[in-house]
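Accompanying notes for the structure given below.
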Amino acid sequence: MKRALAIFMLALVGEGHSVIHWLESHLLACPFKKLTGIDCPGCGLQRSIVSLLKGDIVASFKFYPPTFSILILLIFALFHLKFDFKHGALIIKTLYILITVIIIINYIYKVYHQQLF
Ligand SMILES: [Zn+2]
Numbered sequence: 039m040k041r042a043l044a045i046f047m048l049a050l051v052g053e054g055h056s057v058i059h060w061l062e063s064h065l066l067a068c069p070f071k072k073l074t075g076i077d078c079p080g081c082g083l084q085r086s087i088v089s090l091l092k093g094d095i096v097a098s099f100k101f102y103p104p105t106f107s108i109l110i111l112l113i114f115a116l117f118h119l120k121f122d123f124k125h126g127a128l129i130i131k132t133l134y135i136l137i138t139v140i141i142i143i144n145y146i147y148k149v150y151h152q153q154l155f
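First residue of the sequence shown? That's 39 in the working numbering, and the numbers climb one at a time after it.
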């Protein structure tokens with residue numbers, strides 16, 4: 039099992055560039071933006087993740103500031119499922135609220151600075 043995982047990881051690292059290129063050329067179109075012509079509160083997440091995979095942290099943050107918090111939440115939730123931390127559920131709820139606030143602030147910023155188009 040460990041050997042299969044190691045081979046998979048090596049293949050992923052070796053093919054990382056082509057995976058990123060594939061992701062870049064297959065981004066999903068936002069239905070809200072397609073319908074209304076303006077960004078939704080989630081627009082930028084895919085581009086942010088692709089930038090993060092490329093190692094460009096600044097571009098990733100500029101595309102979608104909540105990405106880091108979302109990744110922290112996902113990683114923490116996985117560890118909580120495995121280790122069942124004492125206050126894990128409370129921390130997850132708090133992170134969820136924090137992420138919601140960051141998404142709302144980011145959207146208000148985009149509206150205020152007319153970056154929705
Ligand atoms: Zn969108």
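Think of the CB as a built atom: it goes at the ideal place given N, C-alpha and C, for glycine as much as any other residue.
(1) On the three-state DSSP scale, how would you describe A115?
(2) Is D122 near ligand 1, judged by its Cβ being under 7 Å from some heavy atom?
(3) Could you check where the alpha helix (DSSP H) with A97 kicks off and where it finishes?
(4) Quick check: the Cα distance between Y147 and L65, rounded to an integer number of angstroms?
(5) Can you have a look at F101 and say buried or exposed, based on whether 16 or more other CB atoms are within 10 angstroms of its CB?
So, to answer that:
(1) Numbered from its first residue, the sequence shown carries residue 115 at position 77. Correct three-state label for A115: helix.
(2) In the sequence shown, residue 122 corresponds to position 84, counting from 1. Every heavy atom of ligand 1 is 7 Å or more from the Cβ of D122, so no.
(3) To locate residue 97, count along the sequence shown from 1; it is residue 59. A97: member of the alpha helix (DSSP H) spanning I95 to F101, first to last residue.
(4) The sequence position of residue 147 within the sequence shown is 109, counting from 1. The sequence position of residue 65 within the sequence shown is 27, counting from 1. For Y147 and L65, the distance between alpha carbons rounds to 24 Å.
(5) Taking the first residue of the sequence shown as 1, we reach residue 101 at position 63. Around the beta carbon of F101, 16 or more other beta carbons sit within 10 angstroms, so the residue counts as buried.
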